[in-house]
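This note's numbering numbers the first residue of the sequence shown as 5 and each following residue consecutively.
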Amino acid sequence: MRSVGSLLALLLALPTGAAFAQRGGGGLGPNGNQGNTLAPLKSVAVPRPANLEQYVRDETALIALGKALFWDMQAGSDGTTACATCHFHAGADHRLQNQLASPHNGSYALSPNTTLKADDFPFRLLANPGNNNSAVLRDSRLVAGSAGVFRIDFRQVWEGSPNEDGETAPSNPFEVNGVRVRQVTGRNTPSVIDAVFNVRNFWDGRARDIFTGATPFGDSDLNWNAAIDGNSGLTSEPIRLDNASLASQAVGPPLNGVEMSYEGRSWAQMARKLLSLQPLARQKVAADDSVLGPYAMPDGLGLTISYPALIRAAFQPRYWESEAFDAQGFTQMQLNFSLYWGLAIQAYESTLVSGETRYDRFLAGDTGALTVLEQQGLAEFRGGGSQCTNCHNGPELTAASITNFRRRSQALNPALPDTLGFFRLGVSPIADDIGGADVDGFGNPLFPGAPANLAQGVFKTPGLRNVELTGPYFHNGGQATLEQVLLFYARRGDFPGDGNLGTGVPAINLGAADRTQVAAFLRALTDDRVKFERAPFDHPSLCIPVGHEEESPGILRSLGDTPGTPSLGADKWALIPESGREGNPVPLQTFEELLAGIGADGSRAHNLMQGCRP
Ligand code: HEC
Ligand code: HEC
Numbered sequence: 005m006r007s008v009g010s011l012l013a014l015l016l017a018l019p020t021g022a023a024f025a026q027r028g029g030g031g032l033g034p035n036g037n038q039g040n041t042l043a044p045l046k047s048v049a050v051p052r053p054a055n056l057e058q059y060v061r062d063e064t065a066l067i068a069l070g071k072a073l074f075w076d077m078q079a080g081s082d083g084t085t086a087c088a089t090c091h092f093h094a095g096a097d098h099r100l101q102n103q104l105a106s107p108h109n110g111s112y113a114l115s116p117n118t119t120l121k122a123d124d125f126p127f128r129l130l131a132n133p134g135n136n137n138s139a140v141l142r143d144s145r146l147v148a149g150s151a152g153v154f155r156i157d158f159r160q161v162w163e164g165s166p167n168e169d170g171e172t173a174p175s176n177p178f179e180v181n182g183v184r185v186r187q188v189t190g191r192n193t194p195s196v197i198d199a200v201f202n203v204r205n206f207w208d209g210r211a212r213d214i215f216t217g218a219t220p221f222g223d224s225d226l227n228w229n230a231a232i233d234g235n236s237g238l239t240s241e242p243i244r245l246d247n248a249s250l251a252s253q254a255v256g257p258p259l260n261g262v263e264m265s266y267e268g269r270s271w272a273q274m275a276r277k278l279l280s281l282q283p284l285a286r287q288k289v290a291a292d293d294s295v296l297g298p299y300a301m302p303d304g305l306g307l308t309i310s311y312p313a314l315i316r317a318a319f320q321p322r323y324w325e326s327e328a329f330d331a332q333g334f335t336q337m338q339l340n341f342s343l344y345w346g347l348a349i350q351a352y353e354s355t356l357v358s359g360e361t362r363y364d365r366f367l368a369g370d371t372g373a374l375t376v377l378e379q380q381g382l383a384e385f386r387g388g389g390s391q392c393t394n395c396h397n398g399p400e401l402t403a404a405s406i407t408n409f410r411r412r413s414q415a416l417n418p419a420l421p422d423t424l425g426f427f428r429l430g431v432s433p434i435a436d437d438i439g440g441a442d443v444d445g446f447g448n449p450l451f452p453g454a455p456a457n458l459a460q461g462v463f464k465t466p467g468l469r470n471v472e473l474t475g476p477y478f479h480n481g482g483q484a485t486l487e488q489v490l491l492f493y494a495r496r497g498d499f500p501g502d503g504n505l506g507t508g509v510p511a512i513n514l515g516a517a518d519r520t521q522v523a524a525f526l527r528a529l530t531d532d533r534v535k536f537e538r539a540p541f542d543h544p545s546l547c548i549p550v551g552h553e554e555e556s557p558g559i560l561r562s563l564g565d566t567p568g569t570p571s572l573g574a575d576k577w578a579l580i581p582e583s584g585r586e587g588n589p590v591p592l593q594t595f596e597e598l599l600a601g602i603g604a605d606g607s608r609a610h611n612l613m614q615g616c617r618p
């Protein structure tokens, strides 16, 4: 038997293999990527805006503000929806009920309030899962997204109350026999962990690397989005930061009428509400929370420090100290809330870096960190049979990372079309979701450097750390297990038509033994701090909606009718308990385990079995 040491030597020598010859001497792959340069995540500096100090004076306070905002249920118009509501589990979602974006898709109809079962996956079921030409037994074309808020038109906020005033609006298809259910996002929720390394965020890349203060769309947004003191009252100033895709992303959901907001709320209105509330007022914060511990209310709920105090500590006075009001009576702090929100949440998410996986330790020289099977999986992952490192490459395991992008733009003619590490895999037909060929909120193409036909159907290549914890997979959430994902690759995609396959995918050759090895390798990409929610992945408690109550099959219990308005379905709620810096005694449940009921006895965290009242 070969010793572990010589296997390592073999791995390090791998780029000489025939499969890598196509990449040429410089190591640049067909996508212009640094093909097989794999290295520990710690070898990459966490990206950071070059001019952050222009806006921020205390990064510690900034991170505390960001963590509080990210987890605060009071941020949503309904007083219960936080960013974390969809990103509570290894940075992703972990719910099963009322999670379908397209419950009535063509001939395949499910109730919006369906609880997904193991049998519902994969969404496209073939007679021979190894052959994408075999008989189609089911093509549900479902999308497993995340439940957000009810469809409600915004009226007003009240200071001191987390619940906003609004009017129920029609929300087909999100209703069951006349009772409304929470709306669901049109794509599956990716993890926020390691997202700081992405050159752009969202599956289609619409959260730009340049942050302009109020929308995800970077330089497309020509507005001057900061309010500052002028000669006669408040005036405006443009905002611009680089390496800030997470700030761009973070200002999307708060006003989004599906995710967090009643339709039509403004940033200043949201700020008027949130600045008047005790942070995390109905949530528990562990006394040893790695960030919020110093502000944890002893024996109580919420924080001892206010949002305005955290903002004053974190930001340069120029962006909050004015005593002037604008024409509608909003203060400077209210008007600049999207700036604080974006930069604070980005700073918090920038701490969510999972570079302590066994794979990272192995690459750093700890030869015992991976088992022989996992090392075989790594070799296969890097090999020509799998093609994985065509796209999942570099220390971040994604061609869509900032460092990969920089490397390419130095190496390639900048005029060459580049989709920035976004590729086609044939997960869904291009017509179902055009991905990167879309336009942004100002009508400009998401990938101006690439012809529309090149951007069609491309999606961001995810970095793969902690992937065992973040099912279901792909932008449509159509695969429940890593084995299903690998079978998908082995059959070279589900919808290969119209050129819907990226470089290398048609050449994939993954046998059963290869898949076993690669699956083992993918499970070695988990950081135990994520799996057990230890610092920096610890967090406040959270009460999340997990589907709607049924009185009898197909009949939802309604919250009670206001005459003339459609009724809303009563939510079921599950508790996500707080964790402190030492984390949980049991690991997070995987999606596969959730489907199988494994861990419902308490041997897994986040099994959604414990109720709560929001
Ligand atoms: C209702 C569920 C929901 C809520 C609430 C929500 N998200 Fe998301 N999040 C999603 C979905 C779905 C996507 C993918 C959407 C897409 O790509 O089109 C996403 C994408 C992201 C991404 C991009 C990750 C990547 O790899 O591309 C980040 C970061 C993120 N969300 C952070 C946040 C923050 C910060 C908030 C609060 C301001 C938030 N989310 C609120 C569901 C949600
Ligand atoms: C042509 C580029 C490309 C190749 C080759 C490729 N991937 Fe991917 N990978 C992607 C993209 C793009 C996505 C997201 C696709 C989508 O959702 O539409 C993805 C998604 C995934 C996911 C799901 C992650 C999640 O959070 O949903 C896993 C797991 C994965 N890839 C593993 C692999 C493995 C293992 C290989 C080799 C067998 C491989 N990939 C080969 C580009 C690629």
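Even glycine gets a Cβ: it sits at the ideal position worked out from N, Cα and C.
How big is the Cα-Cα spacing for Q483 and S165?
-> 40 Å
Whole-angstrom distance between R186 and K152, CA atom to CA atom = According to the sequence as given, residue 152 is Gly; it is not Lys. Each residue's alpha carbon lies about 6 Å from the other.
Please confirm whether L314 and L546 have their CB atoms less than 8 Å apart.
-> no
With DSSP collapsed to three states, give me the class of S138.
-> coil
For Y352, name the three-state secondary structure that DSSP assigns.
-> helix
If we call anything under 8 Å between Cβ atoms a contact, is L356 one with P540?
-> yes
Residues near N611 in its chain [Cβ-Cβ closer than 6 Å; skip 5 each side] | Q593, G603, A604
Close-in-space but distant-in-sequence residues of the same chain around L450 (CB under 8 Å, 5 per side omitted) = D208, G209, R210, G440, A441, D442, V443, D444, A459
CB-CB under 6 Å to L598, same chain, minus the five flanking residues each way: which ones, in chain order?
-> none
Comparing the CB of N202 with every heavy atom of ligand 1, is any distance shorter than 7 Å?
-> yes
Using only the heavy atoms of ligand 2, determine whether one of them is closer than 7 Å to the beta carbon of I512.
-> yes
N- and C-terminal bounds of the alpha helix (DSSP H) containing R533 = 532-535
Please confirm whether any heavy atom of ligand 1 lies closer than 7 Å to the CB of F257.
-> In the sequence on display, residue 257 carries Pro and not Phe. Yes, the Cβ of P257 comes within 7 Å of a heavy atom of ligand 1.
Is any heavy atom in ligand 1 found nearer than 7 Å to the beta carbon of R191?
-> yes
Would you mind listing the beta strand (DSSP E) stretches within the region 181-241 that are 3+ residues and don't spill past its ends, in chain order?
-> 230-234, 237-241
Just grab the DSSP bridge partners of L572 for me.
-> R184
Examine the Cβ distances between the region 173-189 and the region 570-577 and report whether three or more of them are shorter than 8 Å.
-> yes
Starting from the Cα of L490, find the closest Cα among I438, P133, N235 and give me that residue.
-> P133
What residue from P591, V590, K576, E596 has the CA that sits closest to C616's CA?
-> K576
Within its chain, find whatever has a CB closer than 7 Å to the CB of A25; leave out the 5 residues flanking it on each side and keep chain order.
-> Here A25 scores only 25 on pLDDT, less than 50, and its place in the model is too uncertain to base an answer on.
Coil, strand or helix - Q287 by DSSP = coil
Who pairs with L104 in a beta bridge, going by DSSP?
-> A148
Please report how far the alpha carbon of V60 lies from the alpha carbon of P321, in whole angstroms.
-> 9 Å
Nearest to D157 (by Cα), restricted to the options G268, P455, H543, P544 | G268
Give me whichever residues DSSP pairs with C547 in a beta bridge.
-> L579
What residues in its chain sit with their C-beta under 7 Å from that of Q614, if we drop five residues either side in the sequence?
-> A578, L579
Integer Cβ distance of P44 from D542, believed to fall under 8 Å | P44 to D542, Cβ: 23 Å. No contact.
Nearest-angstrom Cα distance between G36 and R412?
-> Model confidence at G36 stands at a pLDDT of 41, short of 50, so the residue's coordinates are unreliable; what they give is reported in the following sentence. Going from the Cα of G36 to the Cα of R412 covers about 6 Å.
Grab me the residues of G29's own chain with a C-beta within less than 6 Å of its C-beta, minus the 5 sequence neighbours each way, in chain order.
-> Residue placement at G29 is flagged as unreliable, the pLDDT there being 27, under the threshold of 50; a coordinate-derived value is accordingly withheld.
Within 7 Å: the Cβ of H91 and any heavy atom of ligand 1?
-> yes
Ignore the nearest five residues each way along the sequence and tell me which others in Q160's own chain have a CB closer than 8 Å to its CB.
-> E168, D169, Q273
Does the beta-carbon of R496 have 16 or more other beta-carbons within 10 angstroms, so that it is buried, or is it exposed?
-> buried
Identify whether A96 lies in helix, strand or coil by the three-state DSSP scheme.
-> strand
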